[in-house]
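>
Residue numbers (our numbering): 962 to 1196.
1. Under a Cβ-count criterion, where at least 16 other Cβ atoms within 10 Å of its own Cβ denotes burial, should residue 1119 be classed as buried or exposed?
2. List the whole-angstrom C-beta distance separating residue 1238 from residue 985, where the pair is believed to meet the contact cut-off of C-beta under 8 Å.
3. Starting from residue 1119, trace the alpha helix (DSSP H) in both directions and tell me its first and last residue.
4. Considering just the uninterrupted stretch of the alpha helix (DSSP H) at residue 1123, what are its terminal residues?
5. Which term fits residue 1154, buried or exposed, when burial requires 16 or more other beta carbons within 10 angstroms of its beta carbon?
6. If you follow the alpha helix (DSSP H) that residue 1093 is in, where does it begin and where does it stop?
7. On the premise that residue 1089 lies in contact with residue 1026, defined as a C-beta separation below 8 Å, what is that separation, rounded to the nearest angstrom?
8. Is residue 1053 closer than 8 Å to residue 1047 when the C-beta atoms are compared?
9. Report yes or no: do the segment 1103-1116 and the segment 1159-1171 share at least 3 C-beta pairs separated by less than 8 Å?
10. Determine the closest residue to residue 1085 out of 988, 1023, 1131, with distance taken between C-alpha atoms.
11. Hey, is the segment 1093-1100 in contact with the segment 995-1013, meaning 3+ C-beta pairs nearer than 8 Å?
12. Whole angstroms are fine: how far does the CA of residue 972 sit from the CA of residue 1121?
13. Using only the alpha-carbon positions, how far apart do residue 1211 and residue 1077 sit?
14. Between 1136, 990, 1008, which has its C-alpha nearest residue 1071's C-alpha?
15. Going by DSSP, what residues sit across from residue 1006 in a beta bridge?
16. Is it buried or exposed for residue 1129, if we count other Cβ within 10 angstroms and need 16 for buried?
17. Assign residue 1067 to one of two classes, buried (16 or more other C-beta atoms within 10 Å of its C-beta) or exposed (fewer than that).
18. So, at 8 Å on beta carbons, what are the nonlocal neighbours of residue 1137 in its own chain, with the 5 sequence-adjacent residues on each side left out?
19. Given this structure, state the Cα-to-Cα distance separating residue 1139 from residue 1145, to the nearest angstrom.
20. So, with DSSP's three-state summary, where would you put residue 1001?
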């Protein structure tokens, strides 16, 4: 690597040094895979009678799988355009994911909602079968599909730049809503998993976003008050 290339690479590292945040994957994935391997039969069933009333709708596999692109696109957008927003979204999301891991470790949980026999046979049902084979019915509370979708929605809502693009915001909110519904209509999660994720998002919002806005507001008031006192003394 020549001097010019080293300088260019060093400049790139300096510009995108916040990429260190992605190292969290080396904490999350081994922990999650350990749980998936060891929590298989002996678990607390998380479901309600209301879940029995929700029909299985295989077409929801489309928004459910779009979740992966949804989360990746949000991270890439904030990574390249809004570093403070990227840090806040990562802090919010990774804190929730860690709480999920802790809950699943100390309180093994799962659900028995998945249909044994499918009423229809089509490509969407085949996709659901593949999902069921790849993903166990354990470690479901709270739902990360729901929590991470809400995390993106909150990050978008709090972004001053994205507020100028209402169509993008509305599309993101609609997709997040479909993803949340998909978790229940595909029998991947119970209503309790959804509400648990929503409650966790609400609590973390108070710490990550609301508390910071309150601090900024107080600082602005103090600064304005100080300027007002100085102006009064100069009269």
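Note that the Cβ used here is the ideal one computed from N, Cα and C, for glycine as well.
In short:
1. buried
2. Because the chain in this structure spans residues 962 to 1196, residue 1238 falls outside the shown range and cannot be described.
3. 1105-1119
4. That residue, residue 1123, is in no alpha helix (DSSP H); it is neither H nor E in DSSP.
5. buried
6. 1084-1095
7. Wrong, their Cβ atoms sit about 10 Å apart, outside the cutoff.
8. no
9. yes
10. 1023
11. yes
12. 27 Å
13. With the chain covering 962 to 1196 only, the question about residue 1211 has no answer from this structure.
14. 1008
15. 1071
16. exposed
17. exposed
18. 1031, 1110, 1111, 1113, 1114
19. 10 Å
20. coil
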